[in-house]
Amino acid sequence: MSIARTNRLTPYLFLAPAGIVLLVALLYPIGYMIYASFLDWNPSQRIGEADWIGLRNYTNLVGDEAFRESFLVTLKFAAVVVGLEMVLGVGLALLLDRKIRGMSALRTIFILPMMIAPIVVGMMWRYMYHPTVGILNRTLGDVGLEPVPWLSSSEWALTSVIIADVWQWTPFIFILALAALQSLPRSALEAARIDGATAWQQIWHIKLPLMMPVLIVTGLLRLIDAFKVLEVILVMTNGGPGLSTEILALRISRTASEFRELGEAAAMSNVLLILLLVLTVLMFAYGKVAEARADRLRASAAEGAV
Amino acid sequence: MENAQRQNPAFYALLAALVVMSAGPILLMIATSLKLNVDIMDDAGSLLFTPTLRNYETVLCNVLWYAPEHVGYCDKTFGRALGNSLVISLTATAITLVIGCMAAYALVRFRFRGRGAVSLTTLMMRMVPPAVLLVPVFGIWTFQFGLDGTHAGIVLVYVAMNLPFVIWILQSFIVQVPIQLEESARIDGAGPMQVFFLIVLPIIKPGLAAAAIFTFRIAWNEFLLANALSNRNTRTVPVTIVNSLTEYDIDWGVIMATGTLLAIPPIIFTFVASRQIITGMTAGAVKG
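Those protein sequences? They're chains A and B, same order as listed.
All residue numbers in the first sequence are consecutive under this note's numbering, ending with 1294.
All residue numbers in the second sequence are consecutive under this note's numbering, ending with 302.
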């Protein structure tokens, strides 16, 4: 594919501007952060004045109950959110995979929640969850039910935050699952229908297995994003009540700006980064394996159809 | 199968419910932004109210050509923030697109030493969350680059944050450009830059549109890093919204108007270019 007669330097010339920006503003900061995680450093100091304390920031994290709590909250949030969104999104895609007039208008409306600012999403939900003026408690009151302490009780807060995320991101899974569904080989579905497979059998034995590679990659992508969520929760609860919704990203930002412990915040950032790195590697590795498997499946399904 | 099947009514009820659930909160925000605080507090008439633009006048008081009479003291925060947000997001988007495009082209069309490593690094950097960049970017921008509180500082982070994704998604569009077109241009004597700008760029316009929307959206919506790197004069709209949400007495009408103003550009993009957005989303995920 390469074009003959190019100067050996040309590719580097094309890459240079992006490369320099990524080096200066992304790779360098990450290296800087790894270094900072070994320091006792507060925001009024230059980094050179901070004391080297070795692994103490990390060992402190292990003993830090608040950090452990926030780590657990993050895992719980990410797992529940991705689980719910996958089930709902894929389910809806299977239900709505028909020729409907106005499908593209529908998809447009579904993307809206993902496009607007997380800050605004948080604000909208905080308003809806408002104990007195919020539409949710008003509606509950209208039908004679007790108001729910959506954001003000530590039992409910995480659930409320999860609902908002499910509202915002289920459409993402839905759209990707629908695209996967519509690119399935017709011959395989056709063959199954001729063999008299019921709708359920088609879903379980043909559609879902063929969609699996895309679904797994989508799920992992969503999981990575769920670990990055910050602003929606910041606006709705700011991590509270207590630590009930204090996800890791929020903990990092508070440790840096409120507690002014930059070294410790850097150590936490590293933990989060390693977690995400593992997930990313997993996603690529699985994507490759599953693609090969689906190709085989597709080939044999096509053969069966002949 | 080719004709639309007749669906049962429950199916349409489900569709209607989904539309209401998806758009409801957004419509509620817009409706609230058009209400007076009296109407917001009064729970009986939550759907029956006379729409008013007062909240918008309060928010935009210093950019309006007239002085709204109900605004006693004009708070200039928002007008300034709107200007900052526009300058920062547009600049970041333009820079990201130009240099991201060039990098993507090099990765697709040239074979060179280190290509695999560059490609992999780019992919990996997609997963770095803004929260992780908070500490180092604050330290470096403040103490080494002297960029804290400047537009340039925020633009630089946004360009870096968006580049990996933009490079990734543009690669999948550039691969589809027929190589023969480029080769015949080269035979006619065009240099690599000319081929890139005159042949490749026009063909990958849909990809550019998708990448532009994604970049603009992230820059326009971002809060955390903007908050850490801006000062009173360079604050962006999301920062002002969060600031007013932490006030003890929240003026819901005004804040909903601010939120609506912030949401308008992304909403317009969604309606104008939903196909490009969906293409971008699928290209970004499926080929991951």
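We put the CB at the ideal spot given by N, CA and C, even for glycine.
None of the values given here were measured: they were computed from a predicted structure.
Closest Cα partner of residue i within the set the options
i, options, result
"A1168/A", "V1149/A, L1196/A, A1152/A", "L1196/A"
"A225/B", "P82/B, T135/B, I109/B", "I109/B"
"P280/B", "E1249/A, L1203/A, V1205/A, T1096/A", "T1096/A"
"P143/B", "L1270/A, Y1117/A, P1101/A, A1237/A", "A1237/A"
"L1100/A", "A1004/A, I1163/A, I1008/A", "I1163/A"
"W1144/A", "M1224/A, M1112/A, L1094/A, I1107/A", "M1224/A"
"I193/B", "F179/B, M43/B, V214/B", "V214/B"
"V1217/A", "A1067/A, L1084/A, L1124/A", "A1067/A"
"W1029/A", "G1007/A, L1250/A, P1201/A", "L1250/A"
"T66/B", "F237/B, L48/B, D263/B", "L48/B"
"L1198/A", "P1031/A, A1278/A, G1042/A", "A1278/A"
"F285/B", "I1018/A, M1103/A, F1055/A, E1053/A", "M1103/A"
"R94/B", "K219/B, T248/B, L32/B", "T248/B"
"A1273/A", "I1240/A, L1208/A, T1233/A, L1231/A", "L1208/A"
"H165/B", "S99/B, F63/B, G267/B, D53/B", "S99/B"
"I188/B", "Y119/B, T254/B, I269/B", "Y119/B"
"L1084/A", "R200/B, W234/B, F25/B, A204/B", "F25/B"
7 Å Cβ cutoff, residue i in contact with chain A
i, result
"N235/B", "yes"
"T296/B", "yes"
"P146/B", "It should be noted that the sequence gives Val, not Pro, for residue 146/B. By this cut-off, V146/B is an interface position."
"V151/B", "yes"
"A27/B", "no"
"T284/B", "yes"
"S288/B", "yes"
"L170/B", "yes"
"A58/B", "Only weak support is given to the placement of A58/B: the predicted model assigns it a pLDDT of 49, under 50, and the question is left unresolved by the model."
"A45/B", "no"
"S36/B", "yes"
"A120/B", "yes"
"F157/B", "yes"
"G114/B", "yes"
Nearest-angstrom Cβ-Cβ length linking residue i and residue j, presumed shorter than 8 Å
i, j, result
"V149/B", "A1024/A", "6 Å"
"L1263/A", "F1215/A", "7 Å"
"A956/A", "N1045/A", "What the structure shows of chain A is the stretch from 989 to 1294, and residue 956/A is not part of that stretch, so it cannot be assessed."
"R1210/A", "V1061/A", "Actually they are not in contact, since the Cβ atoms of R1210/A and V1061/A sit about 18 Å apart, beyond 8 Å."
"L243/B", "I168/B", "5 Å"
"V171/B", "A1253/A", "With a Cβ gap of about 17 Å, V171/B and A1253/A do not count as contacting."
"G294/B", "F228/B", "6 Å"
"L42/B", "V1009/A", "Not really, about 40 Å apart at Cβ, beyond 8 Å."
Environment of residue i [buried if 16+ CB atoms lie within 10 Å]
i, result
"R68/B", "buried"
"T1127/A", "exposed"
"Q158/B", "exposed"
"L1203/A", "buried"
"L56/B", "In the sequence as presented, Leu is not what sits at residue 56/B; that position holds Asp. Exposed."
"E1219/A", "buried"
"G160/B", "exposed"
"V173/B", "buried"
"G1227/A", "buried"
"L1261/A", "buried"
"M207/B", "exposed"
"G221/B", "buried"
Minimum Cβ-Cβ distance from residue i to chain B less than 7 Å
i, result
"V1121/A", "yes"
"S1257/A", "yes"
"F1002/A", "yes"
"F1247/A", "no"
"F1098/A", "yes"
"S1241/A", "yes"
"K1216/A", "yes"
"T1158/A", "no"
"L1270/A", "no"
"T1062/A", "no"
"I1262/A", "no"
Where the alpha helix (DSSP H) through residue i begins and ends
i, result
"E1057/A", "1053-1084"
"C115/B", "91-123"
"A30/B", "23-47"
"I1163/A", "1145-1170"
"W1138/A", "Per DSSP, W1138/A belongs to no alpha helix (DSSP H) and is neither H nor E."
"V251/B", "251-259"
"F63/B", "Note, F63/B: premise wrong, no alpha helix (DSSP H); not H, not E."
"W1113/A", "1106-1116"
"W182/B", "165-188"
"D1213/A", "1196-1216"
"A81/B", "Looking at the DSSP string, A81/B is not in any alpha helix (DSSP H), and its letter there is neither H nor E."
"Q194/B", "193-201"
"V1121/A", "Per DSSP, V1121/A belongs to no alpha helix (DSSP H) and is neither H nor E."
"S1032/A", "No alpha helix (DSSP H) holds S1032/A; DSSP gives it neither H nor E."
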